[in-house]
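Q:
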Amino acid sequence: MKNSFCFVASVLVLVIACGGNKTPEKAPPEDGKLLFNKYCLACHQADGSGVPGMYPPITNTEWVAGDKSRLIGIMLDGLEGEIKVNGQVYKTAMPSHQYLSDEQIAAILTYVRTNFGNKADGISAAEVATARKNRQ
Amino acid sequence: MDRKLFFCHLALSTIGLLALTTCNRTDKVSGPAADPENGGIVLPPGFSAYMVADNLGHGRHIAVRSNGDVFLALQDLKDGKGIVALRDTTGDGRADRIAYFGDLPGTGIHLHKDYLYFAHDTVILRYKLKADDLLPELTPETIVSGFKREYQHAAKTIAFDTSGNLYVNIGAPSNACQQNDRTPGSPGMDPCPILDNYGGIWRFKDDVPGQTQAKDGFRFATGLRNCVAIEWNNAVNKLYVVQHGRDQLNQFFPDLYTDEDNANLPAEEFFLLEEGDDCGWPYCYFDNQKGLKVLSPEYGGNGDSTGRCAGKKDPIMAFPAHTAPNDLIFYSKDQFPDRYRQGAFIAFHGSWNRSPLVQEGYYVAFIPFNNQLPAADWEIFANNFAGKTPVNSPGDALHRPMGLAQGADGSLYISDSVKGTIWRVFYN
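Right, dumping it as structure tokens:
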């Protein structure tokens, strides 16, 4: 009895292990959440709510889920001036993040466009590369 | 029997008299009644509070006229106006006349020589007060103009001495004077050119219209990143400021600082300023665990080395990192108990740069003073503005204390940046 349990368990472990091996999903080249935490979280906060009057929220907003080229542009060039997000005024500048690679920017923007209440499609490294080329 | 009756009468009369005295005492409490639970804030025993007004806009600094009228600066225009004037006409302490005026938003606001001085990010104006009217003359005079439009630490805050001078905090539009601001690996500019026009306290004449920073400004003190809290202490004739320390040590120097290090470094510094002082920014910051200034990593520091920081001005007190001291007043009245006389109240707006650790601040602190210096450590005076613990993100806070003023009767007024609430705190 004990042996047969061991056998079934072993088979199960094997099946699961093999199953795991059978889906050779390539890990994404960059981890959007990790990069967000490293480069964005301090100002935009862990929950994306930002800082009232200073750094805008990235939750449920067209600034994130809307026009891709504007969003990529903000990452590459930063943003200075007064803007309104979800009805509130924000005045503090955002620095340029052009030092990040196309892949890193794509991963961050895909992460924020598919989290924090945003339900938009992702952004590819190729789209970032094109935007980077066009602004030069 | 008669004797018994006599004692009965005596006992009853005594009780009656006591009851009357008690009633009289209750009746004698003058002034407005406190709100239930003091309008949501927590105060030391013996103190009470009520909301003077609520939902005024995003409040900044506050001023209270000798007749009790209150003026609140707004961070953003509300219905096209940047200042709120409030008056209580019924004696219940709550504002029932509320009027908006002024075409610019701003932070600094101060009553001085029959004028209301008001600091927008690029200009300092003054409005002539009218004897009895709530609203001043609506066309302001320009006292100082030409501050460049900035998008970081742009708020101007002001103080006046008794010798005809106006002091203006001109914050640095930068975190630590890197070549590329807030960018990993970007070195600090050396010398930091920002200090020529920012990152210090500039002195002007208090009643000369048409001044500019370049033409008329005198750099009174430098090496101050941003001092939203600035006040002249009339009791000792000295200028005091509280500095917002630099941000993001962990983010830009992860090899030197952990998230926890960043949450605790650097201190927010309380300075007694003398003419010509250099307080160290951007080259140095104050490590409150070590109790000294250390070299910033942008200038070659490793978290321990002190380098060129030896000669920089030390604070008279250091507060927890990132808690955002946004206003300072010295208590000069006698309504509060003796230990509050000449002491300092500081409004800590509350942190954002402790993430991912929980945020701190969101209280009004008190520091007892003896002459020019603190007489004891700081303590929390008013708390629970955020309305919840922990505050994980600043957006969680229901209120954030922003401005302070004392009324002619010695009450303490506190303004809020989230909903534009004003509390009046009094001692029972």
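As you go down the protein sequences, you meet chains A and B in turn.
Here the first sequence stands for residues 1 to 136, numbered as in the working numbering.
Here the second sequence stands for residues 1001 to 1428, numbered as in the working numbering.
Note that CB positions come from ideal geometry on N, CA and C, so glycine has one too.
If you're wondering where the values come from, they're calculated on a predicted model, not measured in any experiment.
Using a Cβ-Cβ cut-off of 8 Å, state whether residue 109/A counts as contacting chain B.
A: With 8 Å as the cut-off, residue 109/A does not count as an interface residue toward chain B.
Q: Under 8 Å between C-beta atoms, does residue 1425/B make it to chain A?
A: No, residue 1425/B lies away from the interface with chain A (no Cβ there is under 8 Å from its Cβ).
Q: State yes or no: is the C-beta of residue 1266/B nearer than 7 Å to some heavy atom of the ligand NAP?
A: This structure lacks the ligand NAP, and indeed carries no ligand of any kind.
Q: Does the segment 48-63 of chain A come close enough to the segment 84-101 of chain A that 3 or more CB-CB pairs lie under 8 Å?
A: They touch, by the three-pair rule.
Q: List, in order along the chain, the chain A residues whose C-beta lies closer than 7 Å to that of residue 1151/B?
A: What residue 1151/B touches in chain A: 80, 81, 91, 92, 93.
Q: Since residue 1121/B and residue 1156/B should fall inside the 8 Å C-beta cutoff, what is the C-beta to C-beta distance between them, to a whole number of angstroms?
A: Indeed, because the Cβ distance is near 6 Å, the residues count as touching under 8 Å.
Q: Per DSSP, residue 1425/B is paired with what?
A: DSSP output for residue 1425/B lists 1049/B, 1412/B as bridge partner(s).
Q: Can you tell me whether residue 1092/B is buried or exposed, with buried defined as 16 or more other CB within 10 angstroms of its CB?
A: By the 10 Å Cβ count, residue 1092/B comes out exposed.
Q: Going by other Cβ atoms of all chains shown within 10 Å of its Cβ, with 16 needed for buried, is residue 1222/B buried or exposed?
A: Buried, by the Cβ-count rule.
Q: Is there a C-beta anywhere in chain B that falls below 8 Å from the one on residue 41/A?
A: Yes, because at least one Cβ of chain B sits closer than 8 Å to the Cβ of residue 41/A.
Q: Do residue 1243/B and residue 1268/B count as a contact pair if the criterion is CB distance below 8 Å?
A: Contact flag set, yes.
Q: Looking at C-alpha atoms only, which residue of 1405/B, 1426/B, 1330/B is the closest neighbour of residue 1072/B?
A: Of the listed residues, the one whose Cα sits closest to residue 1072/B is 1405/B.
Q: Starting from residue 1404/B, follow the beta strand (DSSP E) in both directions and report where the run begins and ends.
A: Here the beta strand (DSSP E) through residue 1404/B covers 1401-1406.
Q: CB-CB under 7 Å to residue 1142/B, same chain, minus the five flanking residues each way: which ones, in chain order?
A: Once the five neighbours on either side are set aside, the close Cβ partners of residue 1142/B are 1123, 1125, 1209, 1210.
Q: Is the beta carbon of residue 1408/B closer than 8 Å to that of residue 1066/B?
A: Yes, Cβ-Cβ distance for residue 1066/B and residue 1408/B is below 8 Å.
Q: Rounded to whole angstroms, what's the CA-CA distance from residue 1247/B to residue 1182/B? Just pull it up for me.
A: Each residue's alpha carbon lies about 9 Å from the other.
Q: Name the two residues that bound the continuous alpha helix (DSSP H) containing residue 111/A.
A: Counting along the chain, the alpha helix (DSSP H) containing residue 111/A begins and ends at 102-113.
Q: On a CA-only basis, which of 1032/B, 1297/B, 1057/B, 1049/B is nearest residue 1419/B? Give me that one, please.
A: Selected option, being the one with the closest Cα: 1057/B.
Q: So which of 1357/B, 1428/B, 1256/B, 1083/B has the shortest CA-CA distance to residue 37/A?
A: Ranking 1357/B, 1428/B, 1256/B, 1083/B by Cα distance to residue 37/A puts 1357/B first.
Q: Kindly indicate which three-state DSSP category residue 1296/B falls into: helix, strand or coil?
A: If DSSP states are grouped into helix, strand and coil, residue 1296/B belongs with coil.
Q: Flag this pair as touching only if the segment 1290-1299 of chain B and the segment 1371-1389 of chain B have three or more C-beta atom pairs under 8 Å; answer yes or no.
A: Taking 8 Å as the limit for Cβ pairs, the verdict is that the segment 1371-1389 of chain B does not touch the segment 1290-1299 of chain B.
Q: In whole angstroms, what separates the C-alpha of residue 1256/B from that of residue 1035/B?
A: If you take the alpha carbons of residue 1256/B and residue 1035/B, they lie about 49 Å apart.
Q: For the pair the segment 1301-1320 of chain B and the segment 1268-1279 of chain B, tell me if three or more CB-CB distances fall below 8 Å.
A: They touch, by the three-pair rule.
Q: Short of 9 Å Cβ to Cβ, which residues in the segment 1113-1132 of chain B face chain A?
A: Going along the segment 1113-1132 of chain B in chain order, one finds 1121 with a Cβ nearer than 9 Å to chain A.
Q: If we count the other Cβ atoms within 10 Å of its Cβ and call it buried at 16 or more, is residue 1416/B buried or exposed?
A: Residue 1416/B comes out buried.
Q: With 8 Å as the limit, tell me which residues of the segment 1323-1341 of chain B have their beta carbon closer than that to any beta carbon of chain A; keep them in chain order.
A: Here the close residues number zero.
Q: Taking Cβ-Cβ distances shorter than 9 Å, what residues in chain A pair up with residue 1395/B?
A: In chain order: 45, 47, 49, 50, 51, 52, 57.
Q: Do you know whose CA, among 1326/B, 1345/B, 1114/B, 1085/B, lies nearest residue 1098/B's CA?
A: Among 1326/B, 1345/B, 1114/B, 1085/B, the Cα nearest to that of residue 1098/B belongs to 1085/B.
Q: Using DSSP with H/G/I as helix, E/B as strand and the rest coil, what is residue 1178/B?
A: Strand at residue 1178/B.
Q: Rounded to the nearest angstrom, how far is the Cβ of residue 1147/B from that of residue 1213/B, given a contact under 8 Å?
A: Residue 1147/B to residue 1213/B, Cβ: 6 Å. Contact.
Q: Check this for me: beta carbons of residue 68/A and residue 123/A, under 8 Å apart or not?
A: Taking 8 Å as the Cβ cut-off, residue 68/A and residue 123/A qualify as a contacting pair.
Q: Near residue 1387/B, what residues of its chain come up, given a Cβ to Cβ distance below 8 Å and the 5 sequence neighbours on each side ignored?
A: For residue 1387/B, where only same-chain residues beyond five positions count, the Cβ hits under 8 Å are 1040, 1397, 1398, 1399.
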